[in-house]
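In my numbering, the protein residues as written are 413 to 897.
Even glycine gets a Cβ: it sits at the ideal position worked out from N, Cα and C.
Fair warning: this is a prediction, and the values are worked out from it, not measured in the lab.
For reference, the structure is listed below as structure tokens.
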Amino acid sequence: MANGTRIETALAETLPLLPEERSWSFRDMLAVKSGLSIATWGFLFGGATGQLVGFIDGVIALFFGTAVGLGILFFALLLPVYRKGCESFVFLRSAFGPLGASLLAVPLVLGMVPFSAAILSTMAGAATEEVLIGLSLFSADSGLPLSAIMSFAVLGVSFLLAARGSDTLRLFNLATVPLLVLLSGGLLVAVFIEAGWECIFAAEPPETRWDRPTRLMLAVELNIVAAISWFGLAGNLMRYGESARAATWGTWIGLVPVSLLPSIAGLASSLALGSADPVQWMTPLVGPVLGLAMLLILIIANVSSAVGLLQGNVTTIIQNFGAPIRRLGFAGMTSILCVIASLIIWFATDALYAKFYSITASFGAIFAACVGVLLADRLVLRRSDANLAALHNTSGGPYAFWSGINPAALIALAAGFATYIALLEPVSQTPDALFRYTSASLPAIAGAFVVHLALTRLVTIPARRGGYDGVRGARFDVSDAEPAE
């Protein structure tokens, strides 16, 4: 009975949501998405942008890159996932097949989520260490690995909250997001007061071998990849919106304008103070009392984001990795992700920050190619017509393709990935001569789009695989996604 209860609880968060089960208002959606975006990576992406360009160019890159990346993701994945109410990688089955979608979930969820959770917990652990030392509860020279211990504690708290499901996530963010917005705005104001407007606007990034247009495109590319990387997580949480308007605008405002607050603070501090990590300069900048209060809010910000990250992605794992995983239950699978994140914290803490941009860009190459395949499949080949029952039929049906895999989609994915690597090598961050004009993610999306379209028309449709012969030109309207009242 207990085992059956765990399976039932796990499935409750992963099966398609009916209109009457979608209860998040615009305010709820905005709070959850804002809680995701106001965290460590906001400061880190802003700081990385500040290593490439000055303040004005940086703000342009942050806004343009984030808006373009998320806009593309809306049409490729978020809107259809909301319309169907299904889990994001379940929707990917219409393009990649059931087994193909599960294979993609290995790097994009099992790889990306523990890495991101480790980043969040590490910065929150460092902030907790500063708070404890500031309150004289521990000595700075005690010799204890206090930061690592606190990182594990933060990860543990995040696990306990995430394992309780989506309603706990919603309530937690409703309570904490106003503080997080005040924190981001307060830090931005504090940096400008300390350094001065003229200093920040005149500050230049470190010298590089690239000219200004190339550096600007690198900064834009970084933020396009950051936005696309929300991928399945943003879709899974967007399903809970009570209306299309609430889901769409809550997601857009939370992941674009609100996310710019910590990013611009990280950009300004990186240029003027030499570090995007607020843990390093927060207390010296605003004083011990206010600094400790801000550090506490920063800890809450990272916990909030980690809870959303875990809760939103565990649904993917449970839905796409078969009965053995479902038997673990929602809490069991969440704990496994936290254990992997703990190992990363223990063995690779220093590499988390040093390799942050390279790791993000490597995942971004896969995300961009996936988006290209989805755009071709949804907008052109299927005309937004996907069968919900067939999406959940993993043993056969129209989306089985060949043994659960669509070779056309995987070849297109490889073509898009190769296009990205040819234009921007993610490990060394070395751009090709064409990169300054094209970026890397946009050509990768276009390359995957064209290859998937061509192979599907030449091979898949003539072979009568994938259910394309049943498409009758259905059209998609955002209003179709709005649940009935």
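#1: Which one of 650, 815 and 677 has the shortest CA to CA distance from residue 666?
#2: According to the Cβ coordinates, are residue 848 and residue 626 closer than 7 angstroms?
#3: Relative to the ligand NAP, is the shortest distance from any of its heavy atoms to the C-beta of residue 463 smaller than 6 angstroms?
#4: When DSSP labels each residue in this structure, what does residue 432 get in the three-state scheme?
#5: Let's see if you can read the secondary structure: which residues bound the alpha helix (DSSP H) around residue 493?
#6: Quick check: the Cα distance between residue 685 and residue 607, rounded to an integer number of angstroms?
#7: For the segment 792–806 and the segment 492–510, state whether three or more C-beta atom pairs, one from each stretch, are separated by less than 8 angstroms.
#8: Work out the CA separation of residue 496 and residue 800 for me, nearest whole Å.
#9: By Cβ distance below 6 angstroms, which residues in the same chain neighbour residue 510 in space, the five residues on each side in sequence not counted?
#10: Mapping the DSSP letters down to three states, classify residue 669 as helix, strand or coil.
#11: Mapping the DSSP letters down to three states, classify residue 661 as helix, strand or coil.
#12: Count the other CB atoms, across all protein chains shown, that sit within 10 Å of the CB of residue 590; report buried if there are 16 or more and exposed otherwise.
#13: Could you please give me the residues that DSSP links to residue 842 through a beta bridge?
#14: Taking all protein chains shown into account, do 16 or more other C-beta atoms lie within 10 angstroms of the C-beta of residue 893, making it buried, or fewer, making it exposed?
#15: Report yes if the C-beta distance between residue 443 and residue 648 is below 7 angstroms; otherwise report no.
#16: In whole angstroms, what is the alpha-carbon distance linking residue 885 and residue 623?
#17: Would you list the one or two residues that DSSP bridges to residue 814?
#18: Does residue 878 come out as helix, strand or coil in the three-state DSSP assignment?
#19: Output yes or no for whether 7 angstroms exceeds the beta carbon distance between residue 749 and residue 569.
#20: Where DSSP assigns a beta bridge to residue 653, which residues make up the other side?
#21: With C-beta atoms as the reference, is residue 877 less than 7 angstroms away from residue 813?
#22: For a quick check, are the C-beta atoms of residue 449 and residue 637 less than 7 angstroms apart?
#23: If we call anything under 7 angstroms between Cβ atoms a contact, is residue 532 one with residue 718?
#24: Taking DSSP as the reference, what is the three-state secondary structure of residue 789?
#25: Find the nearest neighbour of residue 755 within the set 501, 587, 534 and 709, judged by alpha-carbon distance.
#26: Using the C-alpha atoms, what's the distance from residue 639 back to residue 564?
In this structure, then:
#1: In the sequence shown, the residue the question calls residue 666 occupies position 254. Ranking 650, 815 and 677 by Cα distance to residue 666 puts 650 first.
#2: Counting from one through the sequence shown, the residue named residue 848 turns up at place 436. Counting from one through the sequence shown, the residue named residue 626 turns up at place 214. The Cβ-Cβ distance between residue 848 and residue 626 falls below 7 angstroms.
#3: The ligand NAP is not part of the structure shown, which contains no ligands of any sort.
#4: Reading the sequence shown from its first residue, position 20 is the one you call residue 432. Helix, per DSSP.
#5: On the sequence shown, residue 493 is found 81 positions in, with the first residue counted as 1. It spans 491–496 - the alpha helix (DSSP H) in which residue 493 sits, taken as one unbroken run.
#6: Position 273 of the sequence shown, counted from the start, is the residue given in the question as residue 685. Position 195 of the sequence shown, counted from the start, is the residue given in the question as residue 607. In this structure, the straight-line span from the alpha carbon of residue 685 to that of residue 607 is close to 8 angstroms.
#7: Verdict: yes, contact present.
#8: Along the sequence shown, read from residue 1 onward, the residue named residue 800 stands at position 388. Along the sequence shown, read from residue 1 onward, the residue named residue 496 stands at position 84. Those two C-alpha atoms are separated by around 7 angstroms.
#9: The residue labelled residue 510 in the question sits at position 98 within the sequence shown. Here the set comprises 806 and 816.
#10: Numbered from 1 along the sequence shown, position 257 holds the residue referred to as residue 669. Under the three-state reduction of DSSP output, residue 669 falls in the helix class.
#11: As a first step, residue 661 must be located in the sequence shown, where it is residue number 249. Residue 661 sits in a helix when the DSSP states are folded into three classes.
#12: For this step, residue 590 is matched to residue 178 along the sequence shown. Taking all protein chains in view, the Cβ of residue 590 is surrounded by fewer than 16 other Cβ atoms within 10 Å, so the residue is classified as exposed.
#13: Counting from one through the sequence shown, the residue named residue 842 turns up at place 430. Paired residue(s): 837.
#14: For this step, residue 893 is matched to residue 481 along the sequence shown. The pLDDT assigned to residue 893 is 44, lower than 50, so where the model puts this residue is not dependable; a value taken from the coordinates is nonetheless given after this. Per the 10 Å Cβ criterion, buried.
#15: The residue given as residue 443 occupies position 31 in the sequence shown. The residue given as residue 648 occupies position 236 in the sequence shown. No, these two residues do not count as a Cβ contact at 7 angstroms.
#16: Position 473 of the sequence shown, counted from the start, is the residue given in the question as residue 885. Position 211 of the sequence shown, counted from the start, is the residue given in the question as residue 623. Since pLDDT at residue 885 reaches only 40, below the 50 mark, its modelled position is unreliable, and the value read off the structure follows with that caveat. Going by C-alpha positions, residue 885 is about 47 angstroms away from residue 623.
#17: Position 402 of the sequence shown holds residue 814. Beta bridge pairing from DSSP links residue 814 with 817.
#18: Indexing the sequence shown from 1 puts residue 878 at position 466. Here residue 878 sits in coil by DSSP.
#19: The count along the sequence shown starts at 1 and reaches residue 749 at position 337. The count along the sequence shown starts at 1 and reaches residue 569 at position 157. Taking a C-beta distance under 7 angstroms as the contact criterion, residue 749 and residue 569 do not qualify as a contact pair.
#20: Here residue 653 refers to the residue found at position 241 of the sequence shown. Bridge partners of residue 653 according to DSSP: 436.
#21: Locating residue 877 in the sequence shown gives position 465, counting from the first residue. Locating residue 813 in the sequence shown gives position 401, counting from the first residue. Yes, they are a contact pair.
#22: What you label residue 449 is simply residue 37 of the sequence shown in a count that begins at 1. What you label residue 637 is simply residue 225 of the sequence shown in a count that begins at 1. Contact check for residue 449 against residue 637 fails: the beta carbons are separated by 7 angstroms or more.
#23: Along the sequence shown, read from residue 1 onward, the residue named residue 532 stands at position 120. Along the sequence shown, read from residue 1 onward, the residue named residue 718 stands at position 306. In contact: residue 532 and residue 718 (Cβ atoms closer than 7 angstroms).
#24: Counted from its first residue, the sequence shown places residue 789 at position 377. In this structure, residue 789 counts as helix in the three-state DSSP scheme.
#25: Within the sequence shown, residue 755 is the residue found at index 343, counting from 1. Of 501, 587, 534 and 709, the residue nearest in Cα terms is 534.
#26: On the sequence shown, position 152 is the one that residue 564 refers to. On the sequence shown, position 227 is the one that residue 639 refers to. Cα to Cα, the separation comes out at about 27 angstroms.
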